[in-house]
Every structure is written in structure tokens, then in C-alpha cells.
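In the numbering used here, the protein residues as written are 436 to 763.
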Amino acid sequence: MPNTVRYRRGWTADLFSTLPNFCTPPKMAPGMAVKGSESGTARVIGSGLSGVAELVIFHPVDTIAKRLMSNKSAFTLANANAIIFRDHANASVGRKFLSLFPGLGYAAGYKVSQRIYKFGGQPYFNDLIRGTPALRDAFVNTFGERNGKNMMHATAGSLTGIGEVVLLPLDALKIKRQVNPEAFKGRGVLQIFLQEGSTLYRGWGWTVARNAPGSFALFGGSAFTKDYVLGIKDYSKATWWQNFIASTAGAVASITVAAPLDTIKTRIQNANFETKVHGAVVFRDLIKNEGPTALFKGLTPKIMVVGPKLIFSFTLAQTLIPLVGKYV
Numbered sequence: 436m437p438n439t440v441r442y443r444r445g446w447t448a449d450l451f452s453t454l455p456n457f458c459t460p461p462k463m464a465p466g467m468a469v470k471g472s473e474s475g476t477a478r479v480i481g482s483g484l485s486g487v488a489e490l491v492i493f494h495p496v497d498t499i500a501k502r503l504m505s506n507k508s509a510f511t512l513a514n515a516n517a518i519i520f521r522d523h524a525n526a527s528v529g530r531k532f533l534s535l536f537p538g539l540g541y542a543a544g545y546k547v548s549q550r551i552y553k554f555g556g557q558p559y560f561n562d563l564i565r566g567t568p569a570l571r572d573a574f575v576n577t578f579g580e581r582n583g584k585n586m587m588h589a590t591a592g593s594l595t596g597i598g599e600v601v602l603l604p605l606d607a608l609k610i611k612r613q614v615n616p617e618a619f620k621g622r623g624v625l626q627i628f629l630q631e632g633s634t635l636y637r638g639w640g641w642t643v644a645r646n647a648p649g650s651f652a653l654f655g656g657s658a659f660t661k662d663y664v665l666g667i668k669d670y671s672k673a674t675w676w677q678n679f680i681a682s683t684a685g686a687v688a689s690i691t692v693a694a695p696l697d698t699i700k701t702r703i704q705n706a707n708f709e710t711k712v713h714g715a716v717v718f719r720d721l722i723k724n725e726g727p728t729a730l731f732k733g734l735t736p737k738i739m740v741v742g743p744k745l746i747f748s749f750t751l752a753q754t755l756i757p758l759v760g761k762y763v
């Protein structure tokens with residue numbers, strides 16, 4: 436009996452001594468750890484601050500870009516003033532400038548929410564992919580360890596972009612205030628939501644089709660630049676300047692990839708509420724009347740005026756999130 440007891444005690448001790456190692460997640464390559472250095476609170480605060488700063492500085496720029504994309508006539512220096520400032524084309528400089536802030540309330544709700552979701556949500560999806568062994572191994576086995584890491588960042592961005600469709604009503608209201616204020620006819624926000632309902636999700640399919648590759652290119656281009664161009668292994672340790680370079684590459688790639696679908700989405704959304712416009716009809720008429728190159732209408736001005744906005748907020752978010760993470 437004593438021998439039996441000693442054997443059982445030894446077996447029990449050996450078993451429990453193996454449990455800590457058994458329960459410990461498998462080690463990952465450097466830069467592949469599941470838990471990031473920033474908390475969820477840091478991601479929300481950092482990305483939210485970037486959205487507020489972007490709104491204050493770039494809302495007039497966004498208004499100009501939307502009006503250029505909605506313009507169906509040829510853009511020339513002669514009609515530029517009327518296209519951009521519309522009813523205030525002959526007003527004073529001050530009135531012209533203030534006319535570029537229509538729908539600021541909608542823009543604030545949309546932009547801050549969007550930046551929190553986009554820049555704060557992408558790390559969540561990235562952690563989710565890396566924390567799921569089957570998904571992580573699939574990326575590593577398919578693309579290799581280094582490229583797999585970048586592809587996970589890009590795919591997380593794409594998933595974030597698809598989910599962004601929930602914010603479409605705020606985006607639609609913002610665009611309508613910028614390019615078609617007559618559609619409101621004095622109605623308030625709550626009244627519009629109650630009366631229009633699902634109409635505010637008009638163009639959701641085109642929005643998903645635009646956001647998926649656009650966000651893939653944004654986060655994938657940034658990750659690729661940090662890894663292959665700047666040689667950064669831990670992306671959260673990037674300096675402001677390195678984040679700026681990576682954000683520039685990602686933003687240009689994103690805007691270019693999403694340009695055709697963005698043009699269609701904008702034309703669908705800026706129609707009157709009572710007008711049902713299908714994306715296929717918009718696409719057909721655009722190709723028929725303006726030619727295939729119209730899909731990239733305003734791409735250069737858009738990169739010049741929208742690019743800095745995205746670069747600014749993306750750089751700021753990537754810099755602020757790790758910084759805020761040191762305190763919360």
C-alpha cells in the first residue's frame with residue numbers, strides 16, 4: 436500500500452506540474468503576440484481625438500471634394516467657383532468659407548464615430564485573427580510569417596471597412612447636407628430618421644464593395660511600408676514620422692482602389708430622399724454619358740485634398756493610441 440500511495444502521489448504531482456505548460460498559449464513569432472500594448476480605452480480615446488482634429492481642420496476640404504464628385508459637367512476654371520460655392524459663389528470671402536461647413540453636426544457624429552470604429556476597431560479584428568490559431572496558421576502557411584503578418588493587418592482592415600456600413604445613415608445625411616441641402620426641407624434629424632428609415636441605407640452594397648478593398652489597401656499598405664520600407668517589426672513603436680510615411684502610402688493606395696465605387700456611392704447618396712437611384716443605373720448612365728474614365732473623376736484632386744485628411748487622422752491615431760496607452 437505505501438508503494439501504491441507513493442506512486443499515486445507522484446503521478447498526481449507530475450500531472451499538475453504539466454498543467455501550466457499545457458494551458459499556456461503557444462509562443463508566437465516576434466510581432467505576432469495576441470495582446471497588444473494598448474487597451475480598448477486607449478484605442479477609443481486616441482482614434483476619437485484624431486477624428487475631432489480631422490473634423491475641425493478638414494471639413495471644408497471634404498465638402499469641396501464631395502461637390503466635385505457630384506458635379507456631372509466638365510470642371511473648368513470658369514465654373515469652378517459656382518461648383519464649389521454654389522449659391523454663395525458671388526458672396527464675400529468670409530461667407531464663402533462658412534458655406535463650406537454645411538452639415539457640421541452630422542459630420543461630427545459621423546466622423547468621430549467612424550474614426551473610433553475604423554482606427555480603434557481594426558486592432559480588435561487584428562487581435563481576433565491572430566488570437567484564433569486556425570486563422571493565424573492559415574495566414575502564416577499561405578503567405579509566410581512576414582507576409583502573413585501584413586496580410587492579417589490588411590484583412591482586419593477589410594473586415595472593419597465592411598462593418599462600417601452601420602454608420603451609413605450618418606454618412607448619407609452628412610453628404611446630403613454638403614451637396615443637396617434642399618433634400619432636408621427644414622426637417623430635423625429625428626424626423627428624417629423616422630420618415631426615411633431604410634432609405635438612409637441606400638447604396639449599402641456599393642459602400643461595402645468600396646470599403647472592403649479600400650480599407651484593405653489602407654491598413655495593408657501601411658503595414659507593408661512599415662515592414663518592408665521602414666524595417667519596423669513592432670508597429671506600435673513607430674515614430675510620428677514613420678507613421679506619417681506609412682499612412683501616406685496606405686492612404687494613396689486606399690483612395691485609388693476605392694475611387695470608382697466611391698464615385699457611384701456618392702451619386703447614390705446625394706439624390707433626394709424620395710428618389711430611388713440604383714447603383715447599376717448610376718454606373719450604366721455614367722459609362723454611357725461620361726465614359727469609363729469618369730469612374731476616376733476627381734481622383735487627382737481627391738488625393739490632393741482628401742489624401743491629407745486621411746493621412747493626418749491615420750498618422751495621429753497611430754501615434755496617439757500607443758501614447759494614451761501608457762496612461763490608461
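Here a beta-carbon is modelled for each residue, glycine too, at the ideal position from N, C-alpha and C.
Residue state for His713 is assigned as coil, using DSSP reduced to three classes. When Cβ pairs closer than 8 Å are counted between the two stretches, the segment 562-571 is seen not to touch the segment 513-531, the count staying below three. The shortest CA-to-CA distance from Pro558 to any of Gln549, Arg581, His588, Gly726 is the one to His588. In this chain, the alpha helix (DSSP H) harbouring Asn646 covers 639-659.
The straight-line gap separating the alpha-carbon atoms of Tyr670 and Ile738 is approximately 25 Å.
Under the three-state reduction of DSSP, Arg571 is assigned to helix. It is roughly 9 Å from the alpha-carbon of Ser748 to the alpha-carbon of Leu490.
Inter-residue distance for Trp675 and Thr683 is about 12 Å (C-alpha atoms, whole angstroms). With a cutoff of 7 Å on beta-carbon distance, Thr754 and Asn646 are scored as not near each other. When DSSP states are grouped into helix, strand and coil, Tyr762 belongs to the coil group. Considered as a whole, the segment 554-635 harbours 568-578, 580-598, 603-614, 624-631 as its complete alpha helix (DSSP H) runs of no fewer than 4 residues, in chain order.
Remark: three or more beta-carbon pairs, one from each stretch, lie closer than 8 Å, so the segment 596-614 and the segment 632-642 are flagged as touching.
Within the model, the alpha-carbon separation for Ser482 versus Ile551 is close to 5 Å. Taken through DSSP and simplified to helix, strand or coil, Ser485 comes out as helix. Taking a C-beta distance under 7 Å as the contact criterion, Lys732 and Thr698 qualify as a contact pair. Excluding its 5 nearest sequence neighbours in each direction, Ile703 has C-beta neighbours in its own chain below 7 Å: Arg637, Gly638, Trp641, Val712, Gly714, Val717, listed in chain order.
For Gly726, the three-state secondary structure derived from DSSP is coil. Counting only residues of its own chain and dropping the five nearest sequence neighbours on each side, Lys723 has no CB closer than 8 Å to any other CB. Ile499 sits buried, since 16 or more C-beta atoms from the chains shown fall within 10 Å of its C-beta. Boundaries of the alpha helix (DSSP H) around Ala515: 515-520. Each of Phe651, Gly649, Ala681 was checked against the Cα of Val664, and the nearest Cα belongs to Ala681.
When the Cα atoms are used, Phe493 and Leu751 turn out to be separated by approximately 14 Å.
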